[in-house]
Amino acid sequence: MKIFNKILAVLFPQKCLGCKKENEILCSDCLLKINRPDTPYLNGVHIAANYQDLVLKKSLWLLKYRGAKQLAKPLAELIKERIWKKLETEDWFIVPIPLSKNKMRRRGYNQTELIAKELSDNICADVLLKKFHTKSQVEVKDKEERLTNIIGSFEIKNPEKIKGKKIILIDDVYTTGATMREAKKILISAGVKKVVGIAVARG
Ligand SMILES: [Zn+2]
Numbered sequence: 001m002k003i004f005n006k007i008l009a010v011l012f013p014q015k016c017l018g019c020k021k022e023n024e025i026l027c028s029d030c031l032l033k034i035n036r037p038d039t040p041y042l043n044g045v046h047i048a049a050n051y052q053d054l055v056l057k058k059s060l061w062l063l064k065y066r067g068a069k070q071l072a073k074p075l076a077e078l079i080k081e082r083i084w085k086k087l088e089t090e091d092w093f094i095v096p097i098p099l100s101k102n103k104m105r106r107r108g109y110n111q112t113e114l115i116a117k118e119l120s121d122n123i124c125a126d127v128l129l130k131k132f133h134t135k136s137q138v139e140v141k142d143k144e145e146r147l148t149n150i151i152g153s154f155e156i157k158n159p160e161k162i163k164g165k166k167i168i169l170i171d172d173v174y175t176t177g178a179t180m181r182e183a184k185k186i187l188i189s190a191g192v193k194k195v196v197g198i199a200v201a202r203g
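No gaps in the numbering here: position 34 of the sequence shown is 34 in the UniProt record's numbering, and each next residue is one more.
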């Protein structure tokens with residue numbers, strides 16, 4: 001299999017999603033050209049990029065649905081460049097927005113957790129859990145349904161790990177804000193001192 005992959009890599013070298021330069025999936029020049037969001041800070045959430053940017057949209061899609069896990073690193077770099085530097089993050093814990101068990105089993109990884117791991121070693125991925133799958137906020141067209149769909153979908157395990165701590169919640173796409181709001185609510189009720197959100201893009 002390894003040899004097969006090597007042959008593939010020679011025949012079809014990895015090309016940058018932006019400029020097609022070989023041997024990189026998203027080069028640093030193209031990364032920094034990704035459009036900034038119209039509103040970089042909204043309802044307690046810092047946002048790194050505009051989802052309408054085609055390179056960004058494709059990167060998130062490949063990371064989420066095509067197993068291109070190596071994209072977690074450049075996307076985390078974008079967060080570091082545009083948000084992380086401005087926050088004092090030393091004593092904060094990172095909590096990724098989780099996937100439901102079913103979804104995790106099918107996909108095999110949580111793309112948001114991969115990004116979070118590239119940001120910091122201070123990560124708590126076993127605290128905030130998703131009880132059941134909810135349709136993504138983009139899929140739910142009805143506004144009412146969109147807001148009720150997420151309520152009660154999270155639960156907390158191992159609350160002692162986060163009690164009195166400051167948490168940075170990480171999500172890939174910020175749409176209505178309902179996911180972040182619901183996650184924040186349950187973290188605060190579990191004794192977390194403060195919650196700040198970071199999303200890669202605003203949808
Ligand atoms: Zn490039």
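For glycine and all other residues, C-beta sits at the position ideal for the given N, C-alpha and C.
key: Check whether Leu99 and Ile186 have beta carbons under 9 Å apart   = no
ask   = How long is the line joining the alpha carbons of Thr89 and Lys57, rounded to whole angstroms?
value = 27 Å
message = For a test of the three-state rule: what should DSSP assign to residue 219, helix, strand or coil?
response = Residue numbering for the chain in the displayed model covers 1 to 203; residue 219 lies beyond these limits and cannot be assessed.
ask   = Phe4 by DSSP, collapsed to three states: which one?
value = helix
key: Backbone secondary structure at Asp53 - three-state DSSP   = coil
message = In this structure, how does DSSP classify Leu62 when only helix, strand and coil are distinguished?
response = helix
key: Nonlocal neighbours in the same chain, by C-beta distance under 7 Å from Met180, ignoring five residues either side   = Val45, Leu169, Asp171, Tyr174 and Gly197
message = Looking at ligand 1, does it come within less than 8 Å of Leu187, judged from the CB to the closest heavy atom?
response = no
inquiry  = Considering Cα atoms alone, identify which of Leu31, Val10 and Ile97 is closest to Gly18.
reply    = Leu31
message = Based on DSSP bridge pairs, tell me the residues matched to Leu169.
response = Val95 and Gly197
query = Anyone know if the C-beta pair for Phe154 and Ile123 falls short of 9 Å?
reply = no
task = Would you mind working out which of Ile188, Ser28 and Pro74 sits nearest Lys165, comparing C-alpha positions?
result = Ile188
key: Between the CA atoms of Thr134 and Lys21 - distance to the nearest angstrom   = 38 Å
query = By the 10 Å Cβ neighbour count, where 16 or more other Cβ atoms means buried, how is Asn102 classified, buried or exposed?
reply = exposed
inquiry  = In whole angstroms, give me the CA-to-CA distance for Ile151 and Glu182.
reply    = 6 Å
key: Buried or exposed by the 16-neighbour rule on C-beta atoms within 10 Å, applied to Ile65   = The identity of residue 65 in the sequence shown is Tyr, whereas the question assumes Ile. Tyr65 is exposed by the Cβ-count criterion.
ask   = Quick one: what's Phe154 bridged to in DSSP?
value = Lys130
Proximity test, Asp53 beta-carbon vs ligand 1 heavy atom, cut-off 8 Å = no
task = Name the two residues that bound the continuous alpha helix (DSSP H) containing Ala125.
result = Premise fails: Ala125 is in no alpha helix (DSSP H) and is neither H nor E.
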